[in-house]
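*Asks:* Per mature numbering (1 follows the signal peptide of the UniProt record, and there is no 0): the sequence shown = residues -19 to -1, 1 to 198. Heads up, the beta-carbon is just placed ideally off N, CA and C, and yes, glycines get one too. As the structure is a prediction and not an experimental result, all values here were calculated from the model. This is the structure I have questions about; it appears just below.
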Amino acid sequence: MKKILLSLAVLATGAAVQAQEQPFAFKQGDILLEGSLQANTQDDRAETIKRSNFNFTPKAGYFVSDKFAVGLGLNIGASNIEDYNDVNTNYNEARLSTVGFEVFGRYYIADMKRFQPYAELGIGYDSTKRETITVTDDVTVNTELPKYNDFGVNATLGFNYFVTPKIAVNFALSNLIGFNSGKSDAPNSKATTDFHANINNFNNFFDTATFGLTFKL
């Protein structure tokens, strides 16, 4: 029995040492898989308004060098706003659903073992479907609004913290600096453009950052 326990202890020690010896940094030829999931619901009973949001942003990248990766990301989102003052005689709901994609380039600034900071530039396109539901005196009216399409170029700063050599927690300050142009499909609609620099994100890190998981293959 003692020999078995000793053998198990030696194996466990060897596995721990081997894990510590494995590098955390990415290298050329590695594949990055990453995803962030956000969901929240807010119900204001005093105003009889309920808001809910959902957003899922998976991405995959390939390392063309030890520090630089290129890849593709998706953006899947939905949001609802309900005014439920009286669901039979006075009810209003607005629904938004978004599908988009992004191509990105990510550069890892420094190799700090488990801590791997990076800068990222992404070019993306989103299309949002809009719908309203109105109930008045038991009569329900569904109205589909013109889609809204958005094109953007945005810069992100973030870092991966590796809990194992293959799995990391990702922290990102998205859209720190960027340009966006959007336009509705409605007839005669005009495009709106926006240039932003959200430097204040650094002052409210945990309120503005997105969190997710990163896998190294």
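Could you compute how far the alpha carbon of N123 sits from the alpha carbon of E112?
*Replies:* Against the sequence shown, residue 123 aligns to sequence position 142. Against the sequence shown, residue 112 aligns to sequence position 131. N123 and E112 have their alpha carbons spaced roughly 7 Å apart.
*Asks:* Using 10 angstroms around the beta-carbon of A27, count the other beta-carbons present and answer buried if the total reaches 16, otherwise exposed.
*Replies:* Taking the first residue of the sequence shown as position 1, residue 27 is located at position 46. Exposed, because fewer than 16 other Cβ atoms sit within 10 Å of the Cβ of A27.
*Asks:* Which value, in whole angstroms, describes the spacing of the CA atoms of Y72 and F96?
*Replies:* Sequence index remark: in the sequence shown, residue 72 carries index 91 (1-based). Sequence index remark: in the sequence shown, residue 96 carries index 115 (1-based). Spanning the two alpha carbons is a distance of roughly 50 Å.
*Asks:* Give every residue of the same chain whose Cβ lies closer than 6 Å to the Cβ of S165, excluding the five residues on either side of it in the sequence, and list them in chain order.
*Replies:* The sequence position of residue 165 within the sequence shown is 184, counting from 1. Closer than 6 Å at the Cβ level, and outside the excluded window around S165, lie P127 and Y129.
*Asks:* What do you reckon, are the CB atoms on S33 and N61 nearer than 7 Å?
*Replies:* Taking the sequence shown and counting its residues from 1, the one referred to as residue 33 is at position 52. Taking the sequence shown and counting its residues from 1, the one referred to as residue 61 is at position 80. Contact: yes.
*Asks:* Considering only the alpha carbon of each residue, which of G159, N66, R76 and T173 lies closest to I30?
*Replies:* Position 49 of the sequence shown, counting from 1, holds the residue named residue 30. For the residues G159, N66, R76 and T173, the minimum Cα distance to I30 belongs to N66.
*Asks:* By a C-beta neighbour count over all protein chains shown, 10 Å radius and 16 as the cutoff for buried, is D157 buried or exposed?
*Replies:* Position 176 of the sequence shown, counted from the start, is the residue given in the question as residue 157. For the sequence presented, residue 157 should be read as Leu rather than Asp. So L157 counts as buried.
*Asks:* Any idea if residue 222 is buried or exposed, counting beta-carbon neighbours within 10 angstroms, 16 or more meaning buried?
*Replies:* The structure shown does not extend to residue 222, since the chain spans only -19 to 198, so no value can be given for it.
*Asks:* Mapping the DSSP letters down to three states, classify R111 as helix, strand or coil.
*Replies:* Position 130 of the sequence shown, counting from 1, holds the residue named residue 111. Three-state DSSP puts R111 in a strand.
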